[in-house]
Amino acid sequence: MRPALHAEWTKLRTVPGPGWLLLGVIAATVALSTLVAATLTCPAQGCTPAVDATRLSLSGIQLGQAVVAVLAVLAVGGEYGTGMIRTTFTAVPRRATVLAAKAATVTGLVLVAGTVAVLGCVLAGRLILPGNGLTVAQGYPPLSLAHGPTLRAAAGSVLYLALIALLSIGIATLVRDSATAIGLVLALLYLFPILLHVVNDPHWQRHLEQIAPSEAGLAVQTTVGVSDLPIGPWSGLGVLAAWAVGALLAGGILLRARDA
Amino acid sequence: MTATMTPYRSGVEAGRAGFRQVLRAEWTKFRTVRGWVIGTAVALLVMVLLGLVTGLGSHSSYNTGPGTPDIVGHPPVPTGPDGEAVTDGFYFVHRSLAGDGSITARVTSLTGSRMPQGQDPTAPSTPEPAEVQPWAKAGLIIKENTAQGSAYAAIMVTGAHGVRMQHNYTGDTAGPAGTVSMDSPRWLRLTRTGDTVTGYASTDGTTWTTVGTVRLAGLPATVPAGLFATSPRQENVTQHLGGGGQVVGSAALATARFDTVDLGGGWSGGGWSGDAIGTGDDEPALRSASGFQQSGDSLTVTGAGDIAPDPAGSGDTIEQTLAGAFATLTVMVVIGVLFITGEYRRGMIRTSLAASPRRGHVLAAKAVVIGAVTFVVSLVAVAVTIPLTEHFLRVNGNFIYPITGLTQVRVVAGMAALLAVAAVFALAVGTILRRSAGAVATVIVLIVLPYILATAGVLPAGPSQWLLRISPAAGFAIQQSIPAYPQVGRVFTPAFGFYPLAPWAGFAVLCSWTALALAAAAYLLRRRDA
Numbered sequence: 021m022r023p024a025l026h027a028e029w030t031k032l033r034t035v036p037g038p039g040w041l042l043l044g045v046i047a048a049t050v051a052l053s054t055l056v057a058a059t060l061t062c063p064a065q066g067c068t069p070a071v072d073a074t075r076l077s078l079s080g081i082q083l084g085q086a087v088v089a090v091l092a093v094l095a096v097g098g099e100y101g102t103g104m105i106r107t108t109f110t111a112v113p114r115r116a117t118v119l120a121a122k123a124a125t126v127t128g129l130v131l132v133a134g135t136v137a138v139l140g141c142v143l144a145g146r147l148i149l150p151g152n153g154l155t156v157a158q159g160y161p162p163l164s165l166a167h168g169p170t171l172r173a174a175a176g177s178v179l180y181l182a183l184i185a186l187l188s189i190g191i192a193t194l195v196r197d198s199a200t201a202i203g204l205v206l207a208l209l210y211l212f213p214i215l216l217h218v219v220n221d222p223h224w225q226r227h228l229e230q231i232a233p234s235e236a237g238l239a240v241q242t243t244v245g246v247s248d249l250p251i252g253p254w255s256g257l258g259v260l261a262a263w264a265v266g267a268l269l270a271g272g273i274l275l276r277a278r279d280a
Numbered sequence: 358m359t360a361t362m363t364p365y366r367s368g369v370e371a372g373r374a375g376f377r378q379v380l381r382a383e384w385t386k387f388r389t390v391r392g393w394v395i396g397t398a399v400a401l402l403v404m405v406l407l408g409l410v411t412g413l414g415s416h417s418s419y420n421t422g423p424g425t426p427d428i429v430g431h432p433p434v435p436t437g438p439d440g441e442a443v444t445d446g447f448y449f450v451h452r453s454l455a456g457d458g459s460i461t462a463r464v465t466s467l468t469g470s471r472m473p474q475g476q477d478p479t480a481p482s483t484p485e486p487a488e489v490q491p492w493a494k495a496g497l498i499i500k501e502n503t504a505q506g507s508a509y510a511a512i513m514v515t516g517a518h519g520v521r522m523q524h525n526y527t528g529d530t531a532g533p534a535g536t537v538s539m540d541s542p543r544w545l546r547l548t549r550t551g552d553t554v555t556g557y558a559s560t561d562g563t564t565w566t567t568v569g570t571v572r573l574a575g576l577p578a579t580v581p582a583g584l585f586a587t588s589p590r591q592e593n594v595t596q597h598l599g600g601g602g603q604v605v606g607s608a609a610l611a612t613a614r615f616d617t618v619d620l621g622g623g624w625s626g627g628g629w630s631g632d633a634i635g636t637g638d639d640e641p642a643l644r645s646a647s648g649f650q651q652s653g654d655s656l657t658v659t660g661a662g663d664i665a666p667d668p669a670g671s672g673d674t675i676e677q678t679l680a681g682a683f684a685t686l687t688v689m690v691v692i693g694v695l696f697i698t699g700e701y702r703r704g705m706i707r708t709s710l711a712a713s714p715r716r717g718h719v720l721a722a723k724a725v726v727i728g729a730v731t732f733v734v735s736l737v738a739v740a741v742t743i744p745l746t747e748h749f750l751r752v753n754g755n756f757i758y759p760i761t762g763l764t765q766v767r768v769v770a771g772m773a774a775l776l777a778v779a780a781v782f783a784l785a786v787g788t789i790l791r792r793s794a795g796a797v798a799t800v801i802v803l804i805v806l807p808y809i810l811a812t813a814g815v816l817p818a819g820p821s822q823w824l825l826r827i828s829p830a831a832g833f834a835i836q837q838s839i840p841a842y843p844q845v846g847r848v849f850t851p852a853f854g855f856y857p858l859a860p861w862a863g864f865a866v867l868c869s870w871t872a873l874a875l876a877a878a879a880y881l882l883r884r885r886d887a
């Protein structure tokens, strides 16, 4: 396993793409969060209903997840695109080990970049929001990781990005083509919010929110009205984890069964 | 003596391959790749499938009072003379007018009140004083009959929008501005001559200005006409940041004082009779609060409701059946990108460019093929999805806003055109980046993410509208079937399905992005080595 890990690390380290994409994850996430926080306006008498300042500050994840998906899909799809995958399997014939090594290295990198990005988002929210009416007097203390739910939301967002990376690796292994894989991942992430907008039956909405990878997974960011959520913060992240594990398992089984 | 060798030259003129041949080559490439043909079929099916999910997952029911059983369906929605959904509720103090005639009255006050908030509409309650609604209306009206949705023309004072002449729900002309009070009353006059109704306004009763003249085709010879008052609900709209919006409010009433009422022409004798149009038995408190009092030549009229187009909210719009278009978009974007990046990956691009050295032609041919295929497939998908989804929505009791045939054609053809242009955009971005994953992600993030950020309430209304003006997602304005009416006091933001740009203007924004990307792609394709 260690040589496989080392090989995957070398592959990611020696091409410029992954480095730029990791920077892109941080830049995109922090940029969108800053934009959302900066455009918020609360009247002097306070926002109604109460704003979830933490979730709002972390909304950049909506964009950052797309970059994470590209990075993770390319880690697998890129090898199929160039034929490198055959060299890889010649060097490490145990295919499950290759998949595990890829998943571990990419997830590790995403965890690092995600942590930086989420810290940037929290900092941006902490600096910007008080100027837009979310003041202590209105009952909005500055964002702080010492606050339990905020810490959970921040840590959960980092894990969310890591799970998106795992989901993307699984799907890319399944379809063996970068473009198709990225299309599938982004459809999974972005289609449910749109569908939720047009389906009006509360039961259907609830079930959709419970099974959608992005909607359920991002429940971990909620700090206001947690009891009203269709799915709890950690169980929501669990749903996304189930999606990721399912995709990885399916990808792994097909990886062993098919020719490279 | 030296022999000179003449190198072989083909007798065929260079660049013989015209655009038709290139087009044929690209079409052959497209239809012979099995994955792309299957993908195109999938693109069609997902739209229909997600339409089914929308239809089956939307239910509507109502009841006629507490304790009564829920009925699958929706309360009846009146439609106006042009077929659009309208609200038609007001207190009507009328006589019958045979043939031509006129009515003149002075309005000396327009005040508001509202029913206590959050109360059961059937519980006995009395209105409490409240500020008059900006679009509360009172004035003179000539109406085809007393049924909801019938043709009318009216001149009125409003809570905050001055004197207006309105007709047939959508027509609206502004008259003198300012609010009405005892110190600054307004004289109003409405005259009927044949099919033509003219509204006049005056601030002193002697100098009159014509506010508007409208023609009500087919107006019967004898019509009810007289005075009216109405007020839309007092509503607070809150847009939840992070998803959805909420409308809370209570019924409001408007009370207007008229005096020096003067009638000319064929008016019936006897007194005035009053009718609460559109306030049903399910709102007895509101009904008993409405009415009129007469003393001498002055009348006080109190009414609730609105006479206006119904700008969506209580039902479904045709575009809500098309959520699956985003899935179709995703599939066609992937195929559009692969149509060019696939050539780079396999080195096929060198063969393509050797066969037809005019690189611009190759790109143009690819754009035509992918655009045409996407247009046809999307047209079929949209044409199947809309009636199918509408059928299931109706079965589940949902109200679907009626639209004209022309609007329907615009939505169907517009969505197909939007998806086709998006596929060409994907082709252009794929040519620029030459990397499939990056290109697919770029296009989807540019088109879909702004839409989600703007409509799902992640961003406040102002930035949402800017996003839908400048990003490629502006193109989705093409599917908006119900226009925003400025004369209705509603919130017309993206979260409620209203786009900041007109349908074709929004589509033009997407086309501009595509044209720019195509130009950059053509330039780079010619300048770079393949």
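Line by line, the protein sequences give chains S and H. Residue 58 in the working numbering sits at position 38 of the first sequence, with consecutive numbering throughout. Residue 855 in the working numbering sits at position 498 of the second sequence, with consecutive numbering throughout. Each residue gets a CB set at the ideal place from its N, CA and C atoms; glycine is no exception. Note that this is a predicted model, so its numbers are computed, not measured.
{"Item": "For residue 842 of chain H, the first and last residue of its enclosing beta strand (DSSP E)", "Value": "Segment: none, residue 842 of chain H is in no beta strand (DSSP E) and carries neither H nor E."}
{"Item": "Minimum Cβ-Cβ distance from residue 11 of chain S to chain H less than 7 Å", "Value": "Residue coverage of chain S in this structure runs from 21 to 280, which leaves residue 11 of chain S outside it and unanswerable."}
{"Item": "Neighbourhood of residue 376 of chain H by C-beta distance below 6 Å, restricted to the same chain and skipping five residues each side", "Value": "718"}
{"Item": "Neighbour flag for residue 648 of chain H against chain S, beta carbons, 7 Å", "Value": "no"}
{"Item": "Extent of the continuous alpha helix (DSSP H) to which residue 613 of chain H belongs", "Value": "Counting along the chain, residue 613 of chain H falls outside any alpha helix (DSSP H), though it belongs to the beta strand (DSSP E) covering 609-624."}
{"Item": "Counted within 10 angstroms of its Cβ, other Cβ atoms place residue 272 of chain S as buried (16 or more) or exposed", "Value": "buried"}
{"Item": "Positions along the segment 195-216 of chain S whose CB lies within less than 7 Å of some CB in chain H", "Value": "198, 199, 200, 202, 203, 206, 207, 210, 211, 213, 214, 215"}
{"Item": "Cβ of residue 695 of chain H within 7 Å of any chain S Cβ", "Value": "yes"}
{"Item": "Integer Cβ distance of residue 844 of chain H from residue 665 of chain H, believed to fall under 8 Å", "Value": "7 Å"}
{"Item": "Buried or exposed by the 16-neighbour rule on C-beta atoms within 10 Å, applied to residue 385 of chain H", "Value": "exposed"}
{"Item": "Beta bridge counterpart(s) of residue 888 of chain H as assigned by DSSP", "Value": "Not covered by the structure: residue 888 of chain H. The range shown for chain H is 358 to 887."}
{"Item": "Endpoints, the alpha helix (DSSP H) within which residue 194 of chain S is located", "Value": "168-195"}
{"Item": "Between the CA atoms of residue 624 of chain H and residue 837 of chain H - distance to the nearest angstrom", "Value": "44 Å"}
{"Item": "Cβ-based neighbour list, residue 542 of chain H, same chain, cut-off 7 Å, excluding 5 preceding and 5 following", "Value": "463, 464, 465"}
{"Item": "Outcome for residue 140 of chain S when other beta-carbon atoms lying within 10 angstroms are tallied against a minimum of 16", "Value": "buried"}
{"Item": "Residue 82 of chain S burial status per 10 Å Cβ neighbour count (16 or more: buried)", "Value": "buried"}
{"Item": "Residue environment, residue 266 of chain S, which counts as buried when at least 16 other CB atoms sit within 10 Å", "Value": "exposed"}
{"Item": "Separation of residue 683 of chain H from residue 806 of chain H, as counted between CA atoms", "Value": "11 Å"}
{"Item": "Distance between residue 433 of chain H and residue 751 of chain H (C-alpha atoms, nearest Å)", "Value": "13 Å"}
{"Item": "Paired residues, beta bridge with residue 486 of chain H - DSSP", "Value": "H/470"}
{"Item": "Cβ of residue 224 of chain S within 7 Å of any chain H Cβ", "Value": "yes"}
{"Item": "Closer than 7 Å at the beta carbon, the chain S residues around residue 702 of chain H", "Value": "101"}
{"Item": "DSSP three-state assignment for residue 601 of chain H, whether helix, strand or coil", "Value": "Residue placement at residue 601 of chain H is flagged as unreliable, the pLDDT there being 49, under the threshold of 50; the coordinate-derived value follows with that caveat. Coil, per DSSP."}
{"Item": "Classification of residue 404 of chain H by the beta-carbon crowding that lies within 10 angstroms, buried from 16 upward", "Value": "buried"}
{"Item": "Residues that residue 306 of chain H bridges to, as DSSP identifies them", "Value": "Nothing about residue 306 of chain H can be reported from this structure: the residues present for chain H run from 358 to 887 only."}
{"Item": "Interface partners of residue 817 of chain H on chain S, CB under 7 Å", "Value": "59, 60, 61"}
{"Item": "Three-state class that DSSP yields for residue 513 of chain H in the structure shown", "Value": "strand"}
{"Item": "Residues near residue 495 of chain H by beta carbon distance below 7 Å, same chain, minus five either side", "Value": "464, 467, 513, 514, 585, 586, 611, 613, 658"}
{"Item": "Nearest-angstrom Cα separation, counted from residue 173 of chain S out to residue 138 of chain S", "Value": "10 Å"}
{"Item": "Pairwise C-alpha distance: residue 693 of chain H and residue 98 of chain S", "Value": "19 Å"}
{"Item": "Residue 792 of chain H burial status per 10 Å Cβ neighbour count (16 or more: buried)", "Value": "buried"}
{"Item": "Where residue 832 of chain H sits in the DSSP three-state scheme", "Value": "helix"}
{"Item": "Cβ of residue 776 of chain H within 7 Å of any chain S Cβ", "Value": "no"}
{"Item": "Residue-chain proximity (residue 247 of chain S, chain H), Cβ-Cβ < 7 Å", "Value": "no"}
{"Item": "Among H/774, H/726, H/870, the one whose alpha carbon lies nearest that of residue 378 of chain H", "Value": "H/726"}
{"Item": "Proximity winner among S/27, S/151, S/276, relative to residue 124 of chain S (alpha-carbon distances)", "Value": "S/27"}
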